[in-house]
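These notes are about the structure you will find just below.
In my numbering, the protein residues as written are 54 to 394.
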């Protein structure tokens, strides 16, 4: 990557450092902000990793991330139904998420394979059309744990289910160390590193190399006898499974399972993060996901309290949205210029 191609990341990183300097002048607790930035980075990080297989296989950005998120929500709801707690409750939720993620990912792949060249648009509509179907399912699914159900009538799942008595923040509290006043959640970071390492290792295998080749030159791979649709289907299923695991990590950090329309709020930030990290065209790596997630989430974390201190409180959220969406637009524009050059 040339210095010119690194320019967007340098500018965004410089803006993040400027926010830290401003926070220091405003007498904010910098060590606490840095510790929070690590937590925000990892709790959203696995969802960004779910972009990598689809991008590398040439199946577009995973705008259909809500499909994988729903599978993760279903796994967590089953874990709560079975009253699974602690680290085993979290791991149980992850394992219970995998079967529905594989099934949903298979059908998701079938649709995307029929609309080659328009995967991004199709994925957006798949995500937005699938959520209303699941909104109906959440109201009729026969769970019996009273902590999950509406208090009046006792039927239908609540929009927000607390994980306090199950596996809320189990990774965050697994192994936390303090260095110079900065809290570092080693358990959370370790789980994220494990997922990243598995993805990295997969793309070093023979099948992972084939997947990269399909993303680079689909026509050549087809002439070589590679079953393109099968490879793309595997990549999409893999992205869906990672998305399911990602929402489990996010929910345990957040402390709640959010149902109904909540999954729609995760796809655009995840796509934006990997673009900010320097993803170009049909090639995305772990570095792009890590860098982009940290830059995006840290700026999002810092912008609200700083705007709140400088401006009137009602303006802070507006300023944060202007800043973060401006960064997203900048990343998109830089990506398009690099693809054309």
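Beta carbons: idealized from backbone N, C-alpha and C, even for Gly.
Inside the stretch 119-174, DSSP marks whole alpha helix (DSSP H) runs of 4 or more residues at positions 139-167, from first to last along the chain. Rounded to the nearest angstrom, the gap between the Cα atoms of residue 185 and residue 312 is 11 angstroms. In this structure, residue 96 places its C-beta atom within 7 angstroms of the C-beta atom of residue 306. Burial of residue 319 is indicated by the presence of at least 16 other C-beta atoms within 10 angstroms of its C-beta. The closest CA to that of residue 279, considering only 294, 259, 121, is found on 259. Measuring C-alpha to C-alpha distances from residue 213 to each of 286, 126, 284 identifies 126 as the nearest. Sorting 267, 275, 219 by C-alpha distance to the C-alpha of residue 107 places 267 at the top.
Residue pairing by DSSP places residue 309 opposite 215 in a beta bridge.
Beta-bridge annotation (DSSP): residue 204 is not paired with any residue.
A straight-line Cα-Cα distance of about 22 angstroms links residue 270 and residue 254. Take the alpha-carbon of residue 165 and the one of residue 102: they are about 20 angstroms apart.
Burial state of residue 262 is exposed, judged by a 10 Å Cβ sphere holding fewer than 16 other Cβ atoms.
Relative to the Cα of residue 272, the nearest Cα in the group 198, 66, 111 belongs to 111. The Cβ atoms of residue 289 and residue 158 lie closer than 7 angstroms to each other. Exclusion of the five residues before and after residue 233 leaves 84 as the residues of its chain whose Cβ lies within less than 7 angstroms of its Cβ.
Residue environment for residue 378: exposed (fewer than 16 other C-beta atoms within 10 angstroms of its C-beta). Using a 10 angstroms sphere on the CB of residue 178, the tally of other CB atoms stays under 16, which defines it as exposed. Of 138, 211, 180, the smallest CA-CA separation from residue 195 is found for 211. The criterion of a C-beta distance shorter than 7 angstroms is not satisfied by residue 349 and residue 327. Listed in chain order, the non-local C-beta contacts of residue 176 below 6 angstroms within the same chain comprise 116, 117, local neighbours out to five positions each way being set aside. Between residue 192 and residue 209, the C-beta spacing is below 7 angstroms. Of the candidates 202, 221, 251, 202 places its Cα closest to the Cα of residue 134. Here residue 59 has 331 as same chain residues with Cβ atoms under 8 angstroms from its own Cβ, once five neighbours each way along the sequence are excluded. Across the set 187, 181, 218, 188, the C-alpha of 218 shows the shortest separation from the C-alpha of residue 199. DSSP places residue 235 in the uninterrupted beta strand (DSSP E) bounded by 235-238.
The Cβ-Cβ distance between residue 109 and residue 337 falls below 7 angstroms. Residue 101 sits in a helix when the DSSP states are folded into three classes. For residue 279, there is no enclosing beta strand (DSSP E), as DSSP marks it with neither H nor E.
Taking the CA atoms as reference points, residue 87 sits about 15 angstroms from residue 78.
As a beta-bridge residue in DSSP terms, residue 336 pairs with 333.
Under the three-state reduction of DSSP, residue 210 is assigned to strand. In terms of Cα proximity to residue 300, the closest of 230, 358, 162, 143 is 143.
For residue 259, the secondary structure class from DSSP, reduced to helix, strand or coil, is helix. Comparing C-alpha distances from residue 244 to each of 225, 257, 355, 236 shows the shortest one belongs to 225. Apart from the 5 residues on each side of it in sequence, residue 359 sits with its Cβ closer than 7 angstroms to the Cβ of 72, 75, 76, 79 in its chain, given in chain order. Here residue 296 is buried. Its C-beta has 16 or more other C-beta atoms within 10 Å.
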